[in-house]
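The next block holds one structure in the form of structure tokens; read it before the comments.
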Amino acid sequence: AQSVTQPDIHITVSEGASLELRCNYSYGATPYLFWYVQSPGQGLQLLLKYFSGDTLVQGIKGFEAEFKRSQSSFNLRKPSVHWSDAAEYFCAGFYDKVIFGPGTSLSVIP
Amino acid sequence: ETGVTQTPRHLVMGMTNKKSLKCEQHLGHNAMYWYKQSAKKPLELMFVYNFKEQTENNSVPSRFSPECPNSSHLFLHLHTLQPEDSALYLCASRQLDRDNSPLHFGNGTRLTVT
């Protein structure tokens, strides 16, 4: 079945530290892949998207994601986290419809 | 104004009330969606409208009634809700004929049923 998983429910990092949020999609045809961020009380904002081609995708707010076909993964990264990055992060894949992962909650320690 | 706009931002209603949520998109998209987001639960797709026609209803109770008068506007009519219906209701839109078109979300309506 088509699925998108995010193994980490909650992650805490210190401000200035690097960040990696994991995302895996179900084996098979590669879907179009997206990362969204949701700040408290807000809707989901698109961070970046992957369609094909280059495996490293740049997004907004200093985020990037790397697509690895061999691992069916699309992990989100940021070299240096800011306190304002504390939010919920959702990975999503488009097969014949959009499928969202369960989300990873990020806390940032000052 | 650009993007997806939802009104109201907050709504408190009793179980016997009738209210409506409104969504408007200014992106020229032809598909619109309602999602429900409850605490500690994954995003739940409720309804999908493609070119104003409902194409998906994910076993949503009849106390939720969607309406899509045109491809820019989407409503969710609420009647006789239960406390467990309290949640953030998110509207989204996308362009159907482009597979790589991402969903664009509004800021949601925070609904509290008392």
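Chains G and B are the protein sequences, given in the same order. Be aware that the first sequence starts at 1, since it is given in my numbering, and climbs by one per residue. Be aware that the second sequence starts at 1001, since it is given in my numbering, and climbs by one per residue. Backbone N, C-alpha and C fix where the C-beta goes; we use that ideal spot for every residue, glycine too.
Residues that residue i contacts on chain B, provided the C-beta gap is smaller than 9 Å
| i | result |
| --- | --- |
| residue 49/G | 1100, 1102 |
| residue 34/G | 1102, 1103 |
CB contact check: residue i to chain B, cutoff 8 Å
| i | result |
| --- | --- |
| residue 89/G | no |
| residue 106/G | no |
| residue 79/G | no |
| residue 43/G | yes |
| residue 25/G | no |
| residue 67/G | no |
Nearest-angstrom Cβ-Cβ length linking residue i and residue j, presumed shorter than 8 Å
| i | j | result |
| --- | --- | --- |
| residue 83/G | residue 20/G | With a Cβ gap of about 18 Å, residue 83/G and residue 20/G do not count as contacting. |
| residue 991/B | residue 1047/B | Within the shown structure, residues of chain B are numbered from 1001 to 1114, placing residue 991/B beyond reach of any answer. |
| residue 93/G | residue 32/G | 7 Å |
| residue 49/G | residue 1102/B | 6 Å |
| residue 1005/B | residue 1108/B | Rounded, the Cβ-Cβ distance is 11 Å, inconsistent with contact. |
| residue 1104/B | residue 1024/B | At roughly 12 Å, the Cβ-Cβ gap does not stay under 8 Å, so residue 1104/B and residue 1024/B are not in contact. |
| residue 55/G | residue 64/G | About 11 Å; that fails the 8 Å criterion. |
| residue 90/G | residue 44/G | 6 Å |
Short CB-CB distance (under 8 Å) between residue i and chain G
| i | result |
| --- | --- |
| residue 1008/B | no |
| residue 1057/B | no |
| residue 1074/B | no |
| residue 1090/B | yes |
Same chain, Cβ closer than 7 Å to residue i, neighbours up to 5 away in sequence not counted
| i | result |
| --- | --- |
| residue 62/G | 78 |
| residue 1113/B | 1013, 1015, 1081, 1082, 1083, 1085, 1086 |
| residue 1070/B | 1052 |
| residue 1008/B | 1109 |
Per-residue contacts from residue i into chain G (C-beta, under 8 Å)
| i | result |
| --- | --- |
| residue 1028/B | Those within 8 Å of residue 1028/B in chain G number zero; the least Cβ separation is about 17 Å. |
| residue 1014/B | Near residue 1014/B there are no residues of chain G at all, since even the closest Cβ is about 23 Å away, more than 8 Å. |
Residue i: contacting residues in chain B (beta-carbon distance under 7 Å)
| i | result |
| --- | --- |
| residue 37/G | By Cβ distance, chain B contributes nothing, its closest Cβ being about 11 Å from residue 37/G, past 7 Å. |
| residue 94/G | 1099 |
Sequence-distant residues of the same chain with beta carbon closer than 6 Å to residue i, five excluded per side
| i | result |
| --- | --- |
| residue 1079/B | 1018, 1063 |
| residue 1056/B | 1048 |
| residue 1110/B | 1010, 1088 |
| residue 1122/B | Only positions 1001 to 1114 of chain B appear in the structure, and residue 1122/B is not among them; the question remains open. |
| residue 7/G | 22 |
| residue 107/G | 12, 86 |
Residues that residue i contacts on chain G, provided the C-beta gap is smaller than 7 Å
| i | result |
| --- | --- |
| residue 1105/B | 43, 44 |
Interface residues of chain B facing residue i [CB-CB closer than 8 Å]
| i | result |
| --- | --- |
| residue 100/G | 1042, 1043 |
8 Å Cβ shell around residue i - same chain, five flanking residues per side excluded
| i | result |
| --- | --- |
| residue 109/G | 12, 13, 14, 15 |
| residue 1028/B | 1095 |
| residue 18/G | 77, 78, 79, 80, 81 |
| residue 71/G | 24 |
Residue i at chain C interface by Cβ criterion, 8 Å
| i | result |
| --- | --- |
| residue 1081/B | Absence of chain C from the displayed structure is noted, the protein chains being G and B. |
Which runs of the alpha helix (DSSP H), 4 residues or longer, sit entirely within the segment 27 to 88 of chain G? none
Could you tell me which whole beta strand (DSSP E) segments of length 3 or greater appear in the segment 1036 to 1075 of chain B? 1044 to 1050, 1053 to 1057, 1064 to 1070
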